[in-house]
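So the protein sequences, as listed, match chains W and Y.
The opening residue of the first sequence carries number 1 in the UniProt record's numbering; numbering runs sequentially from there.
The opening residue of the second sequence carries number 1 in the UniProt record's numbering; numbering runs sequentially from there.
Positions of the beta carbon are idealized from the N, C-alpha and C atoms, including for glycine.
In this text, all values refer to a predicted model and were calculated from it rather than measured experimentally.
There are 2 protein chains.
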Amino acid sequence: MTNVKLEESVWKSAYNCWLQYSDIKDHSRVQEYKKVCSNLVILDQSAIIDSAKEELEKGLFSMLGETPTISYEPQKKASIVLATYDQRTIKEYGVDYEDCNILNDDGYMIQSFDYQGDKAVLLLGKTDKGILYAAFHLLRLIQMSKDINNLTIFENPKNQIRMINHWDNMLGDIERGYSGNSIFYDQNEFTHDVDRIKDYARYLSSVGINSLSINNVNVHQVESKLITKELLPHVAEIADIFRSYGINTYLSVNYASPIEIGDLNTADPLDSEVQAWWSEKVAEIYEYIPDFGGFIVKADSEHRPGPFTYGRNHADGANLLGRALEPFGGIVFWRCFVYDCLQDWRDRKTDRAKAAYDHFKQLDGEFLDNVILQIKNGPMDFQVREPVSPLFGSLKQTNQVLEFQVAQEYTGQQKDLCFLVPQWKEVLDFDTYSEGKGSTVKSIVNGSKYPFQYSGITAVSNIGNDLNWTGNTLAQANFYGYGRLIWDTELSAEEISDEWVRLTFGHDEHVVEEVNQMLLNSWQIYENYTSPLGVGWMINPGHHYGPNIEGYEYSKWGTYHFSDCLGTGVNRTVKNGTGYSGQYYPENAEIYESLETCPDELLLFFHHVPYTHRLKSGETVIQHIYNTHFLGVEQVENMKARWEQLKDKIDTYRYENVLDRFTMQLENAIEWRDRINTYFYRHSGIPDEKKRTIY
Amino acid sequence: MTNVKLEESVWKSAYNCWLQYSDIKDHSRVQEYKKVCSNLVILDQSAIIDSAKEELEKGLFSMLGETPTISYEPQKKASIVLATYDQRTIKEYGVDYEDCNILNDDGYMIQSFDYQGDKAVLLLGKTDKGILYAAFHLLRLIQMSKDINNLTIFENPKNQIRMINHWDNMLGDIERGYSGNSIFYDQNEFTHDVDRIKDYARYLSSVGINSLSINNVNVHQVESKLITKELLPHVAEIADIFRSYGINTYLSVNYASPIEIGDLNTADPLDSEVQAWWSEKVAEIYEYIPDFGGFIVKADSEHRPGPFTYGRNHADGANLLGRALEPFGGIVFWRCFVYDCLQDWRDRKTDRAKAAYDHFKQLDGEFLDNVILQIKNGPMDFQVREPVSPLFGSLKQTNQVLEFQVAQEYTGQQKDLCFLVPQWKEVLDFDTYSEGKGSTVKSIVNGSKYPFQYSGITAVSNIGNDLNWTGNTLAQANFYGYGRLIWDTELSAEEISDEWVRLTFGHDEHVVEEVNQMLLNSWQIYENYTSPLGVGWMINPGHHYGPNIEGYEYSKWGTYHFSDCLGTGVNRTVKNGTGYSGQYYPENAEIYESLETCPDELLLFFHHVPYTHRLKSGETVIQHIYNTHFLGVEQVENMKARWEQLKDKIDTYRYENVLDRFTMQLENAIEWRDRINTYFYRHSGIPDEKKRTIY
């Protein structure tokens with residue numbers, strides 16, 4: 001289960017994440033729960049329901065010290081009743097059939113009722129997946145010490161597709177992984193670490209994830225063979241585990257597969273042999289995995305092969321795969337992360353931010369029904385701050401998912417604390433104005449604004465085979481928060497944070513309050529000491545940790561800030577810049593276009609301004625840079641000091657783990673502060689008003 | 001001999017470097033040479049003399065179409081006579097014994113004489129090595145089409161130690177190698193490529209090299225075992241080859257060997273077990289290689305282990321090894337490339353340039369007689385321009401060698417043309433004033449200024465297993481030029497260049513003139529388009545090719561230029577800078593200290609000046625930067641165009657090889673020009689007076 005040999009008591013708290021199932025010390029509370037939880041009545045059968053049963057048994061025994069009895073027929077006594085949406089069963093438990101019509105396929109109802117004096121609770125799913133989600137919900141309530149005797153809960157996930165993408169390579173390394181190596185692969189073999197993979201499935205399911213891709217979107221030589229007979233049995237073994245937790249398995253595929261693993265000399269999507277090759281290939285995959293999800297494709301992006309080689313467009317490319325998958329109900333996720341990654345820094349006209357819109361907007365409506373475009377939240381690449389991608393709201397006839405990055409590639413790499421739920425919420429709540437006011441991103445990606453066949457949200461995983469899954473234990477909150485948020489985008493960051501802290505660390509109010517504050521402020525703090533005012537890319541090229549102010553300035557990546565002795569920032573206005581702001585609907589375009597209305601935090605993303613330009617805050621740009629960078633370091637020092645005060649309240653392993661990370665974060669923050677301040681002081685020649693040390 | 005399967009005629013010209021031995025077309029010239037060269041008379045026997053004989057047979061047959069007869073007794077007829085310094089033999093050939101007293105161990109005499117009407121030439125060495133050098137000299141004269149009937153030549157090498165250091169790793173890669181992989185190792189095994197290694201020995205010997213180390217100074221795990229019984233037989237095989245060409249073999253060793261390959265837990269130089277371990281180890285080495293040269297050691301430098309770990313100094317460390325080698329006549333090269341490679345960029349007091357002097361000056365006189373300090377030419381690290389290391393002249397009681405780098409690490413990596421002989425000559429001719437005027441570096445390192453037991457010059461090799469040995473065929477000139485220059489430091493760069501061009505490409509005057517000009521101007525051209533005015537380090541970190549103006553600015557390497565909106569450069573004055581200039585004798589210290597007298601080309605090495613500072617040339621610093629960078633690119637364009645004009649006069653293989661490199665160089669030069677100009681324009685805000693394009 002882990003390479004490190006530690007006493008179970010030591011690693012358990014770190015390993016178990018938010019499914020601690022700690023024994024409840026409050027005796028009367030235990031008695032109250034036992035009145036309901038002593039028996040499980042299971043009225044339907046499936047592998048997924050078995051998972052729900054197993055989880056309830058595990059959780060209840062751990063928390064209450066007692067394993068429930070099991071029966072498979074209705075019992076007239078205190079019990080947790082598991083049932084799928086089935087008129088007969090419902091009526092027997094006095095639930096109104098009409099009430100349940102509102103459940104969708106992944107939805108569930110939790111209903112307390114009184115059965116002749118005995119308390120009981122019904123976990124009712126439209127399908128077996130709903131039961132499993134309801135079981136996790138009930139366990140969460142008990143972990144949270146909530147009353148379970150008066151529940152009437154209807155839960156439908158807001159998003160249909162709730163997905164995680166792994167960027168794991170078969171060698172075992174993870175592209176942008178900060179938590180050890182892959183749990184799936186090692187040395188180009190499958191790990192067959194069934195216990196660990198099953199635990200991962202439990203975590204995913206506990207927060208409602210229903211789709212998973214298990215290999216890197218950059219599909220290298222070995223991984224290209226995942227869709228061959230040699231490796232499919234191993235993929236099927238993994239898919240079996242996830243299936244029991246209501247999760248469909250997907251693979252990233254190499255667009256050039258017909259050449260790389262077939263014997264064709266082309267991958268042209270309009271070539272009939274290529275089409276036939278993919279059809280046969282897909283049929284083969286479904287022999288091994290009957291409910292195989294489909295493909296993730298990164299094509300014509302960052303040197304990956306794609307349809308451009310053959311003079312075809314992305315619709316041609318994606319539809320080729322869609323057509324092959326269609327008979328089996330499979331789908332294609334086609335990534336929109338397409339731009340010129342060999343840009344000449346001298347070229348001031350090309351703007352990488354414009355690329356995804358320019359490539360895909362014109363293809364709206366040309367994709368097959370089982371093709372989904374996968375759109376990163378911002379136009380660049382998961383920076384600490386960027387505007388929302390203008391593709392949202394522009395594509396009205398194309399299935400789409402929003403792509404977040406739970407892995408903290410540019411946001412501290414799980415050394416620095418950066419709880420990303422507040423960032424994600426800003427994205428989801430962003431109003432695109434595509435259909436006038438109220439056309440939020442969340443209403444588009446959840447399929448309510450436009451009638452997409454498929455829609456939802458996906459994200460890059462942040463887990464690996466580290467004992468605690470996420471490197472920094474506090475980064476578990478991003479995994480948890482991602483799942484919870486995309487299940488219910490109306491949850492506040494505060495609610496999600498509070499849930500996670502209590503589930504993970506228990507209910508000591510001092511711990512709860514402190515850790516909540518740390519999480520909720522951490523994104524702003526990280527932004528404070530890193531790239532200012534939305535400009536981005538002042539990070540070390542390649543590994544993307546720590547400052548390198550000009551590291552990307554003369555590169556081929558299309559990522560510049562154009563700082564000089566007078567000012568800084570990228571002019572993306574329509575008036576005299578790259579014209580990027582014009583990709584938004586007028587309401588947003590006007591805001592971004594104008595120096596007066598552009599939000600401070602995105603100022604340098606949209607405008608090149610003098611260092612003496614005054615922000616809405618009243619500060620000049622240069623003084624803002626100095627102030628936020630001094631502040632950011634102070635905030636990290638403060639977080640670290642406050643964490644140290646929690647020493648006696650948190651187990652040693654997790655305490656030390658997080659303390660180590662805060663120590664690294666402080667070192668990183670100081671380096672950022674000093675380099676950024678020095679860089680801009682050297683450029684501007686303008687001293688800090690407060691005369692603090694700048695080198 | 002090479003991995004590439006090519007017709008012999010194709011690769012021969014590239015592979016044979018300056019030992020082309022092309023057949024001489026001029027019939028009367030051939031007849032004239034044949035009158036002397038039809039017979040070899042060999043009056044002494046040794047493996048080295050066999051090599052001389054073999055080389056003469058090979059060269060004469062190839063050039064004259066006739067293999068000379070061989071006799072081992074004096075013959076009264078036209079002949080080339082090979083003899084060591086032996087009174088009996090000399091007298092027989094009418095040479096005055098007294099005349100030969102001036103020869104040193106590696107010296108030789110070439111004397112024409114008339115033996116009863118027949119022309120003959122005596123190749124006389126003080127030892128057999130002298131004969132071999134004389135044979136190469138005679139062959140060079142014939143290749144150069146010189147008259148050989150009236151020769152009276154006395155040659156003594158100016159330097160006692162004439163060495164090449166390989167930075168080859170056993171995996172086969174070469175640290176800072178730009179010509180393919182190692183000729184000695186592949187995949188952690190020895191190549192046993194006897195033919196190729198022997199040819200390499202011929203090239204080395206032909207230019208007078210007498211010492212060679214065959215593994216990287218950064219001695220990693222596998223290479224640490226080169227001094228074990230497992231690998232010594234293979235080292236001995238290589239040493240056997242070089243021995244026949246008068247070359248001693250050395251190994252770089254890991255200072256922590258007693259721990260790494262022994263079973264001690266310390267490498268403390270004052271520990272008696274450590275001392276005993278090294279004594280036994282050295283004795284073992286000499287069992288395999290009776291004339292083993294000794295060790296090269298990079299200790300306490302860039303994370304290599306060393307005596308500092310045990311609170312000992314470099315003298316303690318070096319003497320430990322010296323003591324072990326002494327009974328066998330072996331010597332230790334102890335590198336002075338020692339500095340803090342974890343410097344904080346905020347620390348403006350520490351100056352890497354001062355490190356070598358600060359470490360070693362105080363130890364002058366404390367090293368054993370068979371310990372040699374190895375001092376890089378400059379205080380930093382083989383930049384295109386830096387001042388001469390102030391250690392030269394400061395160490396008066398310590399054996400020393402000067403270290404150059406033939407490999408073009410920071411000078412274009414054998415893509416860009418950079419003939420380094422002019423740079424090396426500037427270093428050698430630099431007057432340290434250590435004993436008043438005339439205390440040149442060359443007079444110090446050749447042992448004439450101070451009575452060192454050992455002295456000379458060493459350099460990092462630029463060869464690999466590329467067909468043409470050096471990547472860029474024109475980079476062969478650096479290998480040739482290095483050897484010739486350190487043999488005779490009075491040779492001019494022009495003489496050396498002209499020799500190399502004629503030996504390598506023949507005597508077409510157009511080719512000779514053009515290639516000579518390219519070589520002789522190339523260093524200045526490379527300097528023009530790269531780091532200006534001696535500031536250095538504006539190169540890509542890590543691989544060291546191409547521009548990255550701030551790449552080292554905030555790094556740990558102690559390599560900064562401190563450019564800001566007002567000016568640039570490093571203040572190393574005593575008055576208000578780091579004090580580095582005070583490490584020189586007053587005559588130089590005063591020149592460098594003063595803005596008025598500091599040479600333009602080193603201005604930014606010693607001073608931080610405003611962009612508007614006027615150089616002695618009359619230009620401002622900023623305009624100089626613009627002008628030299630535009631000029632540099634024009635000069636590369638011009639070189640490339642002129643090379644293209646030589647197409648019909650140079651064999652296809654070498655023509656295309658060099659053309660490819662000029663194409664790469666032009667691309668590189670343009671990138672340097674644009675980045676440097678943009679960077680300084682953005683910083684200074686001062687436009688180019690000539691209004692050329694700056695991005």
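Leaving out five residues before and five after residue i in sequence, what residues of the same chain have Cβ atoms less than 7 Å from its Cβ?
i: Arg29 of chain Y; result: Ser145
i: Ser224 of chain W; result: Asn254, Ser257, Glu260 and Ile261
i: Val222 of chain W; result: Met170 and Asn188
i: Ala78 of chain W; result: Lys35, Val36, Ser38, Asn39, Asp118, Lys119 and Ala120
i: Ser51 of chain Y; result: Leu132, Ser244 and Tyr245
Taking DSSP's pairing of strands, which residues face residue i in a bridge?
i: Asn216 of chain W; result: Paired residue(s): none; Asn216 of chain W is not in a bridge.
i: Ile457 of chain W; result: W:Arg162 and W:Leu402
i: Trp469 of chain W; result: Paired residue(s): none; Trp469 of chain W is not in a bridge.
i: Tyr115 of chain W; result: W:Asp118
i: Ser79 of chain Y; result: Y:Ala120
i: Ile153 of chain W; result: W:Ile110
i: Val297 of chain W; result: W:Trp334
i: Glu189 of chain Y; result: Y:Asp186
i: Val371 of chain Y; result: Y:Val332
i: residue 756 of chain Y; result: What is shown of chain Y runs 1 to 695, which leaves residue 756 of chain Y out entirely.
Find out if the Cβ-Cβ distance for the pair residue i, residue j is shorter than 8 Å.
i: Thr573 of chain W; j: Ser581 of chain W; result: yes
i: Gln414 of chain Y; j: Val460 of chain Y; result: no
i: Val332 of chain Y; j: Phe392 of chain Y; result: no
i: Ile214 of chain W; j: Ile241 of chain W; result: no
i: Thr473 of chain Y; j: Ala14 of chain Y; result: yes
i: Tyr33 of chain W; j: Ile161 of chain W; result: no
i: Ser443 of chain W; j: Lys449 of chain W; result: yes
i: Pro307 of chain Y; j: His314 of chain Y; result: yes
i: Ser71 of chain Y; j: Tyr21 of chain Y; result: no
i: Asp26 of chain Y; j: Gly65 of chain Y; result: no
i: Pro422 of chain Y; j: Ala493 of chain Y; result: yes
i: Arg348 of chain Y; j: Asp674 of chain W; result: no
Just how far apart, CA to CA, sit residue i and residue j?
i: Gly685 of chain W; j: Phe606 of chain Y; result: 23 Å
i: Ala669 of chain W; j: Phe328 of chain Y; result: 56 Å
i: Tyr53 of chain W; j: Leu40 of chain W; result: Going by the sequence as given, residue 53 of chain W is Lys instead of Tyr. Using only the alpha carbons, I get a separation of about 8 Å.
i: Met1 of chain Y; j: Val194 of chain Y; result: Reliability fails at Met1 of chain Y, whose pLDDT of 39 lies under 50, so the model's placement of it is uncertain and the value that follows must be treated cautiously. Computed Cα separation, rounded: 9 Å.
i: Asp688 of chain W; j: Tyr626 of chain W; result: 7 Å
i: Leu485 of chain Y; j: Glu499 of chain Y; result: 12 Å
i: Phe680 of chain W; j: His629 of chain W; result: 12 Å
For residue i, which residues from the same chain have a beta carbon less than 8 Å from its beta carbon, with the 5 sequence-adjacent residues on both sides left out?
i: Asp173 of chain W; result: Asn181 and Ser182
i: Asn3 of chain Y; result: With a pLDDT of 46 at Asn3 of chain Y, under the threshold of 50, the predicted position of this residue should be treated as unreliable, and no value is reported.
Would you mind giving the Cβ-Cβ distance between residue i and residue j, rounded to the nearest angstrom? I have them listed as a contact below 8 Å.
i: Trp523 of chain Y; j: Leu420 of chain Y; result: 6 Å
i: Val217 of chain W; j: Trp167 of chain W; result: 6 Å
i: Gln665 of chain W; j: Val636 of chain W; result: 6 Å
Grab me the residues of residue i's own chain with a C-beta within less than 6 Å of its C-beta, minus the 5 sequence neighbours each way, in chain order.
i: Tyr482 of chain W; result: Val406 and Ala459
Should residue i be listed as close to the ligand ZN, given that the test is whether its C-beta is under 7 Å from any heavy atom?
i: Ile375 of chain Y; result: For the ligand ZN, the structure offers nothing, since it holds no ligand at all.
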